[in-house]
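**Student:**
In the UniProt record's numbering, the protein residues as written are 1 to 810.
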């Protein structure tokens, strides 16, 4: 402990700009270093423990290559490869991969709406893979979700089922977004059952099959509605391009179960490719369906005319046509072939017209199947097919109100109208071409009428057979080509890397957690100190005190570790640090009154409890120990304390001298210590202010000065009573006492009023009860010299309890 004093000869300037003293701020926190270090260490320990107890999270990655559509075998056959080329849009592909529809399909295929658990150290731990049971749930019926079931395997054939957590809700498949809490009692669920039995009730229906469960084994499981699971895994999945220029999408998932993450991402990529291939095959499937309809209509006709031709030849013994008949037949056959192709086109156009007048996105057939050569119609149908395919893909991801879907709907509407107009025009043109070829056929038929009847009839039958045969063979060829297209179609996207799990967990990150733990541990004590200081209205910082008062801060007195005993510290413990503080203060009195043979020092304060009596008694003691004849005069007539500290009876003193005229020499009592006398305040009078205002009191003080070297006046708090203000003129030095962490800052106004408005001279301030170990005030603020306790002073520090040590209180 250090004793600090100040030699100040000038009043500080009150209006000067205050500088922020960083060292002061640091010292304000460093005084509580034990608490800060302890809390920081505790934060680190808790963070480390949490990191070890937390379930490790692993990152699983897979990637797909979003490729451009290539010309495949089917496209070469049909000449309509552009029909199978939806726009390559990375953002759309990301949306599809993270869509509700794809995630829902994966959840259902992996049965993720049934979760399995096992007992852990603190709580139940999720389990996936190597499950000894297989539970099949009928999700088309009401089910119990949310609660935990406990299944105990009794044997290979039987098990016991119980409800481990009764937080059950009823899931309605008709409204998957709404669940009702179960309030009724369940019948037929809990108890012993046989594996494979169908468990069914009002709100449940499922079946448990034993895969590898052994007697005594316990498995926990719970049902979750598909919607909540889809949302859960949608949030867990992230899809992003590997870089801005690449067409590679990386699919990532962070999960505590690496196998679950791998299975989920692999299944998601597979479902994604299957969905893309299914959409790609729609046009080809529609083509095959159209051809099958045409074949069904012509097969019977072909068989009929084939039979008629055979019967006619056998009956009439006519097997070949004449040379003239052959020439006519070849011309007619060529015209009939043209008419068949034109009729096929017309049939397609009518089918296309019906399709365009509807609202379906399915059933569109490629124009190339009927040999259409109109480039405008072909391009429009191709564009319409692309737009419809894109809309189907976007519908599975986005709502109908999104700008992307609204824009594509507008484009489809415009394109559909253009295709319909071109189709109607194509129907008219085809009907004209059909009429023209019909005229040519009529001309040939007139030539046929000139042939002999037998040959003419044979040619007619053979003509019908050839027409149907040519159409049949043409359709069979197109059907075979379409099937080759269907078999050769492949997704334009591909799996680049199957899902792989990192060997090291991505969470918890121990180092980051330790840093955060240290920060949080540091934040709480620092925040506590900041808040405490912010709301602290007590005087604490000596420099702040010095800057806010109009008088010099003459010195500081340290904490009195023996304050619970009495205030006679200097007399009872002359080698203590506190005693040295008062010796330093005594030295400063010499500088404040140079050359003075006699000295009168007055002590006062703002309120009671700030230590003015303590300071007065001990300063008087150090003067007496110096050999100065000293008298301590108690002028606090309202609340006297000196008698109690010296163990005296307060039967006579200043009040008796002033009220009954007792000579002051008769009222003076020896203190029991050399060179130190005490004039107590005496019994409490009814009118202390009036007594001290008498001229006799002033005369008495002057007389006392003639007999003593040093007078120490212990006056009442000036902030509470008025009589002290009249006594300042009697002293050579007026000492205003503040107490650290006790005196309110608002009381500084009292001292300002005395000096600035009351005109009190020779006023100085003293800070009492200072904890020097909480801030190196002497060296920080230049209050002169002081002595440490390196063997020079008694060991007077009291042992603080552990909490006091932690928060820096002594």
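Idealized CB from N, CA, C, for every residue including glycine.
Note that this is a predicted model, so its numbers are computed, not measured.
Which two residues bound the contiguous alpha helix (DSSP H) that contains residue 500?
**Tutor:** The residue labelled residue 500 in the question sits at position 500 within the chain shown. First-last for residue 500: 494-501, but that is the beta strand (DSSP E), not the alpha helix (DSSP H).
**Student:** Assess contact between the stretch 330-347 and the stretch 465-479, defined as three or more Cβ pairs (one per stretch) separated by less than 8 Å. Is contact present?
**Tutor:** As far as the Cβ criterion goes, the stretch 330-347 touches the stretch 465-479, which means the pair count is three or higher.
**Student:** When the Cα of residue 429 is compared with those of 269, 268, 374, which residue comes out closest?
**Tutor:** Numbered from its first residue, the chain shown carries residue 429 at position 429. If we check each option's Cα against that of residue 429, 374 comes out closest.
**Student:** So what's residue 200 in DSSP terms, helix, strand or just coil?
**Tutor:** One-based indexing of the chain shown puts residue 200 at position 200. In this structure, residue 200 counts as strand in the three-state DSSP scheme.
**Student:** Alpha carbon to alpha carbon, what distance is there between residue 752 and residue 549?
**Tutor:** Counting from one through the chain shown, the residue named residue 549 turns up at place 549. Counting from one through the chain shown, the residue named residue 752 turns up at place 752. The alpha-carbon atoms of residue 549 and residue 752 are separated by roughly 6 Å.
**Student:** If you reduce the DSSP assignment to three classes, tell me which class residue 718 lands in.
**Tutor:** Residue mapping note: residue 718 aligns to position 718 of the chain shown, counting from 1. Three-state result, residue 718: coil.
**Student:** Going by alpha carbons, who is nearest to residue 515 out of 29, 395, 40?
**Tutor:** Your numbering for residue 515 matches position 515 in the chain shown. Among 29, 395, 40, the Cα nearest to that of residue 515 is on 40.
**Student:** Can you give the Cα-Cα distance for residue 600 and residue 587, rounded to whole angstroms?
**Tutor:** As a position in the chain shown, residue 600 is number 600, starting the count at 1. As a position in the chain shown, residue 587 is number 587, starting the count at 1. Approximately 15 Å between the Cα atoms of the pair.
**Student:** So the candidates are 356, 554, 103; which of them puts its Cα closest to the Cα of residue 231?
**Tutor:** Counted from its first residue, the chain shown places residue 231 at position 231. That would be 103, whose Cα lies nearest to the Cα of residue 231.
**Student:** If you compare alpha carbons, which of 603, 689, 661, 670 is closest to residue 637?
**Tutor:** Walking along the chain shown from the start, residue 637 turns up at place 637. Checking every option, the nearest Cα to that of residue 637 belongs to 689.
**Student:** How is the beta strand (DSSP E) around residue 207 delimited, first residue to last?
**Tutor:** Here the question's residue 207 lines up with position 207 in the chain shown. It spans 205-210 - the beta strand (DSSP E) in which residue 207 sits, taken as one unbroken run.
**Student:** Pick out the complete beta strand (DSSP E) segments inside the stretch 73-156, 3 residues or longer, and give them in chain order.
**Tutor:** For the stretch 73-156, whole beta strand (DSSP E) runs of length 3 or above, ordered along the chain, are 114-119, 124-127, 133-137, 143-145, 148-153.
**Student:** What residue from 524, 506, 598, 434 has the CA that sits closest to residue 732's CA?
**Tutor:** Stepping through the chain shown from its first residue, residue 732 is reached at position 732. For residue 732, the nearest C-alpha among the options comes from 598.
**Student:** Between 534, 529, 618, which has its C-alpha nearest residue 560's C-alpha?
**Tutor:** Along the chain shown, read from residue 1 onward, the residue named residue 560 stands at position 560. Checking every option, the nearest Cα to that of residue 560 belongs to 618.
**Student:** Run through the stretch 610-680 for me and flag every whole beta strand (DSSP E) of 3 or more residues, listed as ranges in chain order.
**Tutor:** If we require 3 residues or more, the beta strand (DSSP E) runs fully inside the stretch 610-680 come out as 630-635, 669-673, 676-679.
**Student:** Inspect the beta-carbon positions of residue 163 and residue 147 and report whether they are closer than 8 Å.
**Tutor:** One-based indexing of the chain shown puts residue 163 at position 163. One-based indexing of the chain shown puts residue 147 at position 147. Going by C-beta atoms, residue 163 is nearer than 8 Å to residue 147.
**Student:** Check each candidate in 557, 59, 111 and name the one with the smallest Cα separation from residue 206.
**Tutor:** As a position in the chain shown, residue 206 is number 206, starting the count at 1. Looking at the Cα atoms, 111 is the closest of the given residues.
**Student:** How about residue 811 and residue 57: do their beta carbons lie closer than 8 Å?
**Tutor:** Residue 811 falls outside the range modelled here, since the chain spans only 1 to 810, and no answer is possible.
**Student:** In whole angstroms, what separates the C-alpha of residue 441 from that of residue 425?
**Tutor:** Within the chain shown, residue 441 is the residue found at index 441, counting from 1. Within the chain shown, residue 425 is the residue found at index 425, counting from 1. Approximately 25 Å between the Cα atoms of the pair.
**Student:** Please report the straight-line C-alpha distance between residue 377 and residue 180, rounded to a whole angstrom.
**Tutor:** Here residue 377 corresponds to residue number 377 of the chain shown, with the count starting at 1. Here residue 180 corresponds to residue number 180 of the chain shown, with the count starting at 1. Computed Cα separation, rounded: 56 Å.
**Student:** Looking at the unbroken beta strand (DSSP E) that takes in residue 724, where does it start and where does it end?
**Tutor:** Here residue 724 refers to the residue found at position 724 when the chain shown is read from its first residue. Neither: residue 724 is in no beta strand (DSSP E) and is coded neither H nor E.
**Student:** Given a threshold of 16 other Cβ atoms within 10 Å of its Cβ, counted over all protein chains shown, does residue 739 qualify as buried or as exposed?
**Tutor:** Here residue 739 refers to the residue found at position 739 of the chain shown. Looking at its Cβ environment, which holds 16 or more other Cβ atoms inside 10 Å, residue 739 is buried.
**Student:** Assuming residue 681 and residue 654 make a contact with CB atoms under 8 Å, what is their CB distance in whole Å?
**Tutor:** Numbered from its first residue, the chain shown carries residue 681 at position 681. Numbered from its first residue, the chain shown carries residue 654 at position 654. Indeed they touch by this definition, with Cβ atoms about 5 Å apart.
**Student:** With respect to the beta strand (DSSP E) encompassing residue 253, which residues constitute its N-terminal and C-terminal limits?
**Tutor:** By 1-based counting over the chain shown, the position of residue 253 is 253. Unbroken beta strand (DSSP E) run through residue 253: 248-255.
**Student:** For residue 633 versus residue 711, is the C-beta distance shorter than 8 Å?
**Tutor:** Along the chain shown, one-based indexing puts residue 633 at 633. Along the chain shown, one-based indexing puts residue 711 at 711. Yes, they are a contact pair.
**Student:** Helix, strand or coil for residue 242 per DSSP?
**Tutor:** Translated into the one-based positions of the chain shown, residue 242 becomes position 242. Coil at residue 242, not helix or strand.
**Student:** Taking all protein chains shown into account, decide if residue 319 is buried (16 or more other Cβ within 10 angstroms of its Cβ) or exposed.
**Tutor:** Mapped onto the chain shown, residue 319 falls at position 319. Only weak support exists for where residue 319 lies, its pLDDT of 45 falling under 50; the value from the coordinates is given anyway. Flag for residue 319 reads exposed.
**Student:** How big is the Cα-Cα spacing for residue 660 and residue 691?
**Tutor:** If you number the chain shown from 1, residue 660 lands on position 660. If you number the chain shown from 1, residue 691 lands on position 691. Distance between the alpha carbons of residue 660 and residue 691: 11 Å.
**Student:** Can you give me the Cβ contacts of residue 225 inside the same chain, cut-off strictly under 8 Å, excluding the 5 residues immediately before and after it?
**Tutor:** As a position in the chain shown, residue 225 is number 225, starting the count at 1. Closer than 8 Å at Cβ, skipping near neighbours: 113, 143, 145, 171, 176, 179.
**Student:** Report the CB separation of residue 269 from residue 495 in whole angstroms; it is logged as a contact under 8 Å.
**Tutor:** For this step, residue 269 is matched to residue 269 along the chain shown. For this step, residue 495 is matched to residue 495 along the chain shown. Sure, about 5 Å apart at Cβ, within 8 Å.
**Student:** Are the beta-carbon atoms belonging to residue 760 and residue 728 less than 8 Å from one another?
**Tutor:** On the chain shown, position 760 is the one that residue 760 refers to. On the chain shown, position 728 is the one that residue 728 refers to. Cβ atoms of residue 760 and residue 728: closer than 8 Å.
**Student:** Let me confirm a value: residue 737 is counted as buried when at least 16 other C-beta atoms fall within 10 Å, else exposed. Which label applies?
**Tutor:** Reading the chain shown from its first residue, position 737 is the one you call residue 737. By the neighbour-count rule (16 or more Cβ atoms within 10 Å), residue 737 is buried.
**Student:** Apart from the five residues just before and just after residue 126, which ones in its own chain have a Cβ nearer than 8 Å to its Cβ?
**Tutor:** Translated into the one-based positions of the chain shown, residue 126 becomes position 126. Excluding positions up to five away in sequence, the list reads 115, 116, 117, 256, 257.
**Student:** Under 8 Å between the Cβ atoms of residue 814 and residue 608?
**Tutor:** Only positions 1 to 810 of the chain appear in this structure, which leaves residue 814 out of reach.
**Student:** From which residue to which residue does the beta strand (DSSP E) around residue 768 run?
**Tutor:** If you number the chain shown from 1, residue 768 lands on position 768. Run containing residue 768: 763-770, per the beta strand (DSSP E) assignment.
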